[in-house]
Amino acid sequence: MDISVIISKLAFYPIAAVILIAAILVVSLRNVFYAALSLILCFLGVASLYLLLHAEFLAGAQVLIYIGAISVLIIFAIMFTKDISHQYSSGTLLYRVSVGFVLFLLFLVMTAAYLLNAWTHAAAGGTGVSITDIGKMMLSTYLLPFEALSVLLLAALIGALFLARKEER
Amino acid sequence: MLEKFIPISFELSVSVLAFLLLLLDIFGVRSKRVFAAVGIIGLILTLPLTNHMWGMHATLFGGAYVLDGMAVFFKVLFIFITLLIFLFSLDFLEKKFEFRGEYYSMLLFVCLGLMLAVSSADLLTLFISIELISLPLYLLAAFEKKNKASSEAGLKYFLLGAFASAIFLYGISMVYGTVGSTKFVDIITAAGKMNLYASPVMLLGIIGLLTGLGFKISASPFHMWSPDVFEGAPTPVAAFISVAPKAAGIAIIIRLFLLSMAAPQVQPVWVLILLLLSAMSMTIGNLTAIPQKDFKRMLAYSGIAQIGYVLLALAAATTLGIASAMFYMILYAFTNLGAFGVLMLVTRMNGSSSISEFAGLSKRAPALALMLLLSLLSLAGIPPLAGFVGKFYLFLAAFQHGGLLFKIMVLYAILNSVVSLYYYLGVLKVAYFDPPADEGTVRVPTSSGLALFLCGMTIVVLGILPPLSTWVVNITQSMGLSL
Numbered sequence: 003m004d005i006s007v008i009i010s011k012l013a014f015y016p017i018a019a020v021i022l023i024a025a026i027l028v029v030s031l032r033n034v035f036y037a038a039l040s041l042i043l044c045f046l047g048v049a050s051l052y053l054l055l056h057a058e059f060l061a062g063a064q065v066l067i068y069i070g071a072i073s074v075l076i077i078f079a080i081m082f083t084k085d086i087s088h089q090y091s092s093g094t095l096l097y098r099v100s101v102g103f104v105l106f107l108l109f110l111v112m113t114a115a116y117l118l119n120a121w122t123h124a125a126a127g128g129t130g131v132s133i134t135d136i137g138k139m140m141l142s143t144y145l146l147p148f149e150a151l152s153v154l155l156l157a158a159l160i161g162a163l164f165l166a167r168k169e170e171r
Numbered sequence: 017m018l019e020k021f022i023p024i025s026f027e028l029s030v031s032v033l034a035f036l037l038l039l040l041d042i043f044g045v046r047s048k049r050v051f052a053a054v055g056i057i058g059l060i061l062t063l064p065l066t067n068h069m070w071g072m073h074a075t076l077f078g079g080a081y082v083l084d085g086m087a088v089f090f091k092v093l094f095i096f097i098t099l100l101i102f103l104f105s106l107d108f109l110e111k112k113f114e115f116r117g118e119y120y121s122m123l124l125f126v127c128l129g130l131m132l133a134v135s136s137a138d139l140l141t142l143f144i145s146i147e148l149i150s151l152p153l154y155l156l157a158a159f160e161k162k163n164k165a166s167s168e169a170g171l172k173y174f175l176l177g178a179f180a181s182a183i184f185l186y187g188i189s190m191v192y193g194t195v196g197s198t199k200f201v202d203i204i205t206a207a208g209k210m211n212l213y214a215s216p217v218m219l220l221g222i223i224g225l226l227t228g229l230g231f232k233i234s235a236s237p238f239h240m241w242s243p244d245v246f247e248g249a250p251t252p253v254a255a256f257i258s259v260a261p262k263a264a265g266i267a268i269i270i271r272l273f274l275l276s277m278a279a280p281q282v283q284p285v286w287v288l289i290l291l292l293l294s295a296m297s298m299t300i301g302n303l304t305a306i307p308q309k310d311f312k313r314m315l316a317y318s319g320i321a322q323i324g325y326v327l328l329a330l331a332a333a334t335t336l337g338i339a340s341a342m343f344y345m346i347l348y349a350f351t352n353l354g355a356f357g358v359l360m361l362v363t364r365m366n367g368s369s370s371i372s373e374f375a376g377l378s379k380r381a382p383a384l385a386l387m388l389l390l391s392l393l394s395l396a397g398i399p400p401l402a403g404f405v406g407k408f409y410l411f412l413a414a415f416q417h418g419g420l421l422f423k424i425m426v427l428y429a430i431l432n433s434v435v436s437l438y439y440y441l442g443v444l445k446v447a448y449f450d451p452p453a454d455e456g457t458v459r460v461p462t463s464s465g466l467a468l469f470l471c472g473m474t475i476v477v478l479g480i481l482p483p484l485s486t487w488v489v490n491i492t493q494s495m496g497l498s499l
């Protein structure tokens, strides 16, 4: 077996463990600020997985957008909000147990389905998609969703400005 | 050169119009009437484009976009819906300071998303167009910034909508993992060879997709948001939300499931889910509508029930099923907009939407009371009106499917229609027999009056001209049921 394949196989499990632990911390930590920091760790793990899959561009985008922009925004929002450390009750014990039970069943079903599934594999041995390919695809095959996305972003931008604007009168 | 753009000319003109309205704002146009007028004229000018597109069957952008009879049909319907909302908004906005040019641009962005969604033949394009429908609608629901209920409606719609979109996207990823492509053409081929026992993830993918779509068309059990959002959102926006995303959702279900996953290997799965959604929507919609005191909430629950009837016909997965669903979406749109329009004019002054506002409407504004009568009786499915013809075809499509389960479901749906008559008639009783609380007549402005007249005419004409519904069947058959 190729040495790089062995390395990526070896690297997968620690990274997956980090992602899982970070994700559990995000939902279980009582301090919202720490939860946001765990979210960054989780995103970092996902970015490393992209690297293992030879999707360098995706890994870079993940770091830039999710860690650089979104997480920082979340942290800003936390710091600007008063009383954020307020403890919210998450329902009665019966409610929590039943929700946990349903989610556990869902987890079992999905795990079983994922293990049994005949997945369609991308062409084996590929070294991933280069940025050039992505750029070409965005302006050919995926031109329509790309353009629709820019209209969507514009609409979101205008809407956000509208909601945040102070009425002058 | 220009011929190349004909298949996407509706989308191009609507986006140009949306940007034009934004530019008008920048160049200092302050009159809201100018925005509405430009929008209305622009939308009417796009209608002749239908001439060039009718009968066309084009596939663009590497199979991501399809223009066929069904797409054109729904696009024209969306233009009419947007036109009516523009006409209603013209009067509604007069008293509202915070509504300006961007309100109309947002409506047009939604219209663009709707048009793209019914033409999408690729899951990625479909997802983005659904987002393009939803995002401006979240904002529009929260547009009345001074009104707490409106902000709450926007926030609720946004949070639940984002959740539904995530599930939809998860469903897409599972279908992609099993099929190996996001294009509907490839899904058709893969579905024909699929063995669901070996690909259980496809099953989960279908459930995810239908959960996301079920939310957008507010089918039960994914309907929780709709009564609260309708109640809080500005009335023209609530009217828009009550018809446009539902019509688009039905079109998407037709293209994604009835046309792309028609192979017997996967068909039973989504037929069963559609039947389940249909039964739950009819039951919960009709039973919860009965005790409602608020007209908008009642219409929300009635809309849930109506979607239940349409899903029943779609579950039959036949040409007649598709045709009847398409026909029903026209009359549902005009009927529901008519009911919302009456509410908007009656309660424009105090902003309440309680059913008791209609008290003595037959004396205060006989024309509005007549319009309310027409739309509610049509929703209930009373014979000379469009609602009867529409429901007749929906139930016929399900009945002709032949299975015993479908026959029982049709009986159940008829029973539900009878139940629904109770709450529709309850509103009419208030409008016709209760003494008016306020003696003043209700002023009907020209534009809203024109819109209501259009709705009323459609309800009556579609009802007394049954050939029109056979016309829709013919269109559907001429589509050849292909992508």
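Taken in order, these protein sequences are the chains called R and P.
Every letter in the first sequence is one number past the one before it in our numbering, and letter 92, counting from 1, is 94.
Every letter in the second sequence is one number past the one before it in our numbering, and letter 46, counting from 1, is 62.
C-beta: ideal position from N, C-alpha, C; glycine also.
Remember, predicted model here, so these are calculated numbers, not experimental data.
| Query | Result |
| --- | --- |
| Counting only beta-carbon atoms, is Thr-143 (chain R) nearer than 7 Å to chain P? | yes |
| Are any of the Cβ atoms in chain R nearer than 7 Å to that of Ser-145 (chain P)? | yes |
| Give the residues of chain R in contact with Phe-415 (chain P), contact being defined as C-beta atoms less than 8 Å apart. | Ordered by position in chain R, no residue passes the 8 Å Cβ test against Phe-415 (chain P), which lies about 35 Å from the chain. |
| Along the chain, where does the alpha helix (DSSP H) containing Tyr-325 (chain P) start, and where does it finish? | 311 to 331 |
| For a cutoff of 7 Å on Cβ pairs, would you count Phe-164 (chain R) as touching chain P? | yes |
| Between the region 66 to 83 of chain P and chain R, which residues of the former have CB atoms less than 7 Å from a CB of the latter, in chain order? | Phe-77, Gly-78, Ala-80, Tyr-81 |
| If you check the beta carbons only, do Val-259 (chain P) and Ala-349 (chain P) fall under 7 Å apart? | yes |
| If the cut is a Cβ gap below 7 Å, which residues of chain P does Leu-198 (chain R) touch? | The structure shown does not extend to residue 198 (chain R), since chain R spans only 3 to 171, so no value can be given for it. |
| Using 8 Å for Cβ pairs, my map puts Ser-433 (chain P) next to Gly-397 (chain P). What's the rounded Cβ distance? | 5 Å |
| Report buried or exposed for His-68 (chain P), applying the criterion of at least 16 other Cβ atoms within 10 angstroms of its Cβ. | exposed |
| Taking Cβ-Cβ distances shorter than 8 Å, what residues in chain R pair up with Pro-216 (chain P)? | Ala-114, Ala-115, Leu-118, Asn-119 |
| Grab me the residues of Met-314 (chain P)'s own chain with a C-beta within less than 8 Å of its C-beta, minus the 5 sequence neighbours each way, in chain order. | Ala-305, Gln-308, Ile-371, Tyr-439, Val-443 |
| What residues of chain R sit near Val-195 (chain P), judged by a beta carbon separation below 8 Å? | Thr-122 |
| May I ask you to report which of helix, strand or coil DSSP gives Ala-339 (chain P)? | helix |
| Looking only at DSSP bridge pairs, what is Thr-75 (chain P) linked to? | P:Val-82 |
| For Ser-31 (chain P), which residues in chain R fall below 7 Å Cβ to Cβ? | Val-153 |
| Skipping 5 residues on each side, what residues in its chain have a beta carbon closer than 7 Å to that of Thr-194 (chain P)? | Ser-215, Val-217, Met-218, Gly-221 |
| Taking 7 Å as the limit between beta carbons, can you name the residues of its chain near Leu-95 (chain R), skipping five residues before and five after? | none |
| Pro-452 (chain P) and Arg-380 (chain P) - do their beta-carbons sit closer together than 7 Å? | yes |
| Please tell me whether Leu-66 (chain R) has its Cβ less than 7 Å away from any Cβ of chain P. | no |
| For Asn-302 (chain P), report the span of its alpha helix (DSSP H) as first-last. | 283 to 305 |
| Does DSSP classify Ser-142 (chain R) as helix, strand or coil? | coil |
| Could you tell me whether the region 168 to 178 of chain P touches the region 52 to 66 of chain P, using the rule of 3 or more Cβ pairs below 8 Å? | no |
| Can you tell me which of the three DSSP states Ser-100 (chain R) falls into? | helix |
| Report the residue ranges of all alpha helix (DSSP H) runs contained in full by the region 23 to 94 of chain R; include only those spanning at least 4 residues, in chain order. | 34 to 54, 58 to 63, 74 to 82 |
| In this structure, what does DSSP give as the bridge partners for Ser-370 (chain P)? | P:Asp-310 |
| Counting only beta-carbon atoms, is Leu-146 (chain R) nearer than 7 Å to chain P? | yes |
| Considering just the uninterrupted stretch of the alpha helix (DSSP H) at Ile-24 (chain P), what are its terminal residues? | No alpha helix (DSSP H) holds Ile-24 (chain P); DSSP gives it neither H nor E. |
| Roughly how many whole angstroms lie between the Cα atoms of His-417 (chain P) and Leu-347 (chain P)? | 23 Å |
| Between Leu-146 (chain R) and Tyr-81 (chain P), is the Cβ-Cβ spacing less than 7 Å? | yes |
| Who are the neighbours of Ile-136 (chain R) on chain P, taking C-beta pairs under 7 Å? | Residues of chain P passing the Cβ test: none, with the nearest at roughly 14 Å. |
| Strictly by DSSP, which residues pair up with Lys-232 (chain P)? | Beta-bridge pairing links Lys-232 (chain P) to no other residue. |
| So is Leu-220 (chain P) in contact with chain R if we call contact Cβ pairs under 7 Å? | yes |
| Just the Cα atoms here: how many angstroms apart are Ile-24 (chain P) and Asp-84 (chain P)? | 12 Å |
| At a CB-CB cut-off below 7 Å, which residues of chain R make contact with Thr-504 (chain P)? | Here chain P comprises residues numbered 17 to 499, so residue 504 (chain P) is not present and cannot be evaluated. |
| Could you check whether the region 117 to 129 of chain P touches the region 92 to 105 of chain P, counting it as contact only if at least three pairs of C-beta atoms, one from each stretch, sit closer than 8 Å? | yes |
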